[in-house]
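Undergrad:
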Amino acid sequence: MIYKKTIEKNSESQIEFIDITQDVDDIVKESKIQNGQVLVFSPHSTAGIAINENESLLIQDFQRLLYKLVPVEERYSHDLFELKRTTRSDGRSNGHSHCKDLLIGASEVIPVADGKPMLGGHQNIFFIEMDGARKRDIVVQVMGE
Amino acid sequence: MIYKKTIEKNSESQIEFIDITQDVDDIVKESKIQNGQVLVFSPHSTAGIAINENESLLIQDFQRLLYKLVPVEERYSHDLFELKRTTRSDGRSNGHSHCKDLLIGASEVIPVADGKPMLGGHQNIFFIEMDGARKRDIVVQVMGE
Amino acid sequence: MIYKKTIEKNSESQIEFIDITQDVDDIVKESKIQNGQVLVFSPHSTAGIAINENESLLIQDFQRLLYKLVPVEERYSHDLFELKRTTRSDGRSNGHSHCKDLLIGASEVIPVADGKPMLGGHQNIFFIEMDGARKRDIVVQVMGE
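Chains as they are written, first to last, in this note's numbering: chain V, 1 to 145; chain R, 1001 to 1145; chain U, 2001 to 2145.
This is the structure:
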């Protein structure tokens, strides 16, 4: 059996960790699949998926880490391209956002048992916005029996 | 067909690369699944899964890289939270462990053919402890036919 | 249903982003699977898989990021091992390549709907060579119905 749903989220800042654990739980429940896996996928190249603990101070650490490894103030060649792209006229450069996304990745797969994602007690599923604020999609797909 | 097993490992140091290739091989064999895929999932937020070569000097390089990108001696806001958490009274700070885990990720999926994970000759599956020493779980799930 | 194919690519430089989106699209089409997922897997420990935008200036940013986070000129213990390995006599050190690969990861999973990978408009699938030039394999596996 395969069950798929696309959810929408609105990010409100440049880098934002949006907890989608409850959304994923609900979709797994709706799917009626008891055993299998759930794939969480970001169809964006400046926003990804990761699993970690939802603790507000820790999320500040994550943001600091992403800014430290990929500083906004460095020069990114991609920003020259963005300036010329007609579909984007706000002058905002997002080379750094793509670079951060390269480190985060587009997907996570979580095993499902007894109709629930087998997340550990300190695990939450995050959609990580790295070029907000925007309206974004996330694909959640459950496969199993 | 779906076959799932949770294995236990004891880590012995703060950052440790535990080779679980043989465990995953055995579980795929037990599953009797010939074609499909195996999902290896860490249900922890300070320990992840990665695939690379098991060469002891290289593992030192990996450890050095993780300490360099996410230094233990920097300040992590999460450590203030940990100090107040009643379930953790050893005073050990693990903000850096969560940050390292963000870069590693919780899962890897490996194709299975002829009843074996299709790993390359220089690939091993690692459970990466980043906040040891501890007893840890790893979920291994095989799907296919 | 499960459909699997191994494709071959020749990398031409040390770090190279090879766009395999069309190959993956073709394999999904060949599989006749309408709904499910496609697993893209690198059976190598110095080459991985990531999804991002194929824009030539941005790819320069990605390369620069990988060289910055894991500099070639640092010392890697693994290089001592490589010097002694009989199967490798070109004297080239690749400790840095393995370290870069640890950050990129071996696999990505993409949902499939209506017989196509559900990639966003700015997403391409890259095989990332980090120890080229070489002939390389990539495993593409479609599961679904």
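Quick reminder that beta carbons are idealized off the backbone N, C-alpha and C, glycines included.
Whose C-alpha, out of V:E12, V:S31, V:F81, is nearest the C-alpha of U:E2055?
TA: Numbered from its first residue, the third sequence carries residue 2055 of chain U at position 55. Minimum Cα distance to U:E2055 is reached at V:F81.
Undergrad: For the stretch 2116-2145 of chain U, list every residue whose C-beta sits within 8 Å of some C-beta in chain R, in sequence order.
TA: Here the close residues are D2137, V2139, Q2141, M2143.
Undergrad: Quick check on U:L2119: does DSSP put it in helix, strand or coil?
TA: Here residue 2119 of chain U refers to the residue found at position 119 of the third sequence. Three-state DSSP puts U:L2119 in coil, outside helix and strand.
Undergrad: Can you tell me the Cα-Cα spacing of U:E2012 and V:I33, whole angstroms?
TA: Taking the third sequence and counting its residues from 1, the one referred to as residue 2012 of chain U is at position 12. Taking the first sequence and counting its residues from 1, the one referred to as residue 33 of chain V is at position 33. U:E2012 and V:I33: Cα-Cα distance of roughly 45 Å.
Undergrad: For a contact defined as C-beta to C-beta under 7 Å, what are the partners of U:L2057 on chain V?
TA: Here the question's residue 2057 of chain U lines up with position 57 in the third sequence. Ordered by position in chain V, the residues that pass the 7 Å Cβ test against U:L2057 are S77, H78, L80, F81.
Undergrad: Can you have a look at U:L2039 and say buried or exposed, based on whether 16 or more other CB atoms are within 10 angstroms of its CB?
TA: Taking the third sequence and counting its residues from 1, one reaches residue 2039 of chain U at position 39. Flag for U:L2039 reads buried.
Undergrad: With burial defined as no fewer than 16 other Cβ atoms inside 10 Å of the residue's Cβ, what is the status of U:L2058: buried or exposed?
TA: Taking the third sequence and counting its residues from 1, the one referred to as residue 2058 of chain U is at position 58. U:L2058 comes out buried.
Undergrad: How many whole angstroms separate the CB atoms of V:M154 and V:I110, which I take to be in contact at a CB cut-off of 8 Å?
TA: As displayed, chain V neither begins before 1 nor continues past 145, which places residue 154 of chain V out of reach and without an answer.
Undergrad: Do U:I2049 and U:F2127 have their C-beta atoms closer together than 8 Å?
TA: Here residue 2049 of chain U is taken as the residue at index 49 of the third sequence, counted from 1. Here residue 2127 of chain U is taken as the residue at index 127 of the third sequence, counted from 1. Taking 8 Å as the Cβ cut-off, U:I2049 and U:F2127 qualify as a contacting pair.
Undergrad: Compute the Euclidean distance between the alpha carbons of R:K1100 and R:E1053, then round it to the nearest angstrom.
TA: For the purposes of this step, residue 1100 of chain R is taken as the residue at position 100 of the second sequence. For the purposes of this step, residue 1053 of chain R is taken as the residue at position 53 of the second sequence. Going by the C-alpha atoms only, they are around 19 Å apart.
Undergrad: Starting from the Cα of U:V2028, find the closest Cα among U:D2131, U:K2135, U:D2114, U:R2136 and give me that residue.
TA: Working through the third sequence from its first residue, we reach residue 2028 of chain U at position 28. Selected option, being the one with the closest Cα: U:D2114.
Undergrad: Taking a Cβ distance cut-off of 7 Å, strictly less, list which residues of the stretch 1033-1057 of chain R are near chain U, in chain order.
TA: Answer set for the stretch 1033-1057 of chain R: N1035, G1036, Q1037, A1050, I1051, N1052, E1053, E1055, L1057.
Undergrad: Terminal residues of the continuous beta strand (DSSP E) containing V:S107?
TA: On the first sequence, position 107 is the one that residue 107 of chain V refers to. First-last of the beta strand (DSSP E) with V:S107: 107-113.
Undergrad: Output, in chain order, the set of chain V residues within a Cβ distance shorter than 7 Å of U:V2109.
TA: On the third sequence, position 109 is the one that residue 2109 of chain U refers to. Per Cβ cutoff of 7 Å: L39, S107, V109.
Undergrad: Which runs of the alpha helix (DSSP H) spanning at least 4 residues fall entirely within the stretch 1035-1075 of chain R, listed in chain order?
TA: Taking only runs of at least 4 residues, the alpha helix (DSSP H) segments lying wholly in the stretch 1035-1075 of chain R are 1056-1069.
Undergrad: Please state the DSSP three-state secondary structure of V:G132.
TA: Along the first sequence, read from residue 1 onward, the residue named residue 132 of chain V stands at position 132. Coil at V:G132, not helix or strand.
Undergrad: Given a threshold of 16 other Cβ atoms within 10 Å of its Cβ, counted over all protein chains shown, does U:Q2141 qualify as buried or as exposed?
TA: Against the third sequence, residue 2141 of chain U aligns to sequence position 141. It is buried - the Cβ of U:Q2141 has at least 16 other Cβ atoms within 10 Å.
Undergrad: Please check the pair V:F41 and V:V139, which I expect to be a contact at CB under 8 Å, by giving their CB distance rounded to whole angstroms.
TA: For the purposes of this step, residue 41 of chain V is taken as the residue at position 41 of the first sequence. For the purposes of this step, residue 139 of chain V is taken as the residue at position 139 of the first sequence. About 4 Å separates the two Cβ atoms, so the contact holds.
Undergrad: Give a yes or no on whether 8 Å exceeds the smallest Cβ distance from U:D2101 to chain R.
TA: Along the third sequence, read from residue 1 onward, the residue named residue 2101 of chain U stands at position 101. By this cut-off, U:D2101 is an interface position.
Undergrad: Looking at the secondary structure, which residues open and close the alpha helix (DSSP H) in which U:K2084 lies?
TA: Sequence index remark: in the third sequence, residue 2084 of chain U carries index 84 (1-based). 2078-2084 is the span of the alpha helix (DSSP H), which, as asked, contains U:K2084.
Undergrad: Rounded to whole angstroms, what's the CA-CA distance from R:R1136 to R:G1095? Just pull it up for me.
TA: Your numbering for residue 1136 of chain R matches position 136 in the second sequence. Your numbering for residue 1095 of chain R matches position 95 in the second sequence. For R:R1136 and R:G1095, the distance between alpha carbons rounds to 18 Å.
Undergrad: Ignore the nearest five residues each way along the sequence and tell me which others in U:I2020's own chain have a CB closer than 6 Å to its CB.
TA: Here the question's residue 2020 of chain U lines up with position 20 in the third sequence. Once the five neighbours on either side are set aside, the close Cβ partners of U:I2020 are I2125, F2127.
Undergrad: Checking the sheet assignment: what are the DSSP bridge partners for R:K1009?
TA: Start at 1 with the first residue of the second sequence, and residue 1009 of chain R comes out as number 9. In DSSP, R:K1009 forms a bridge with R:R1136.
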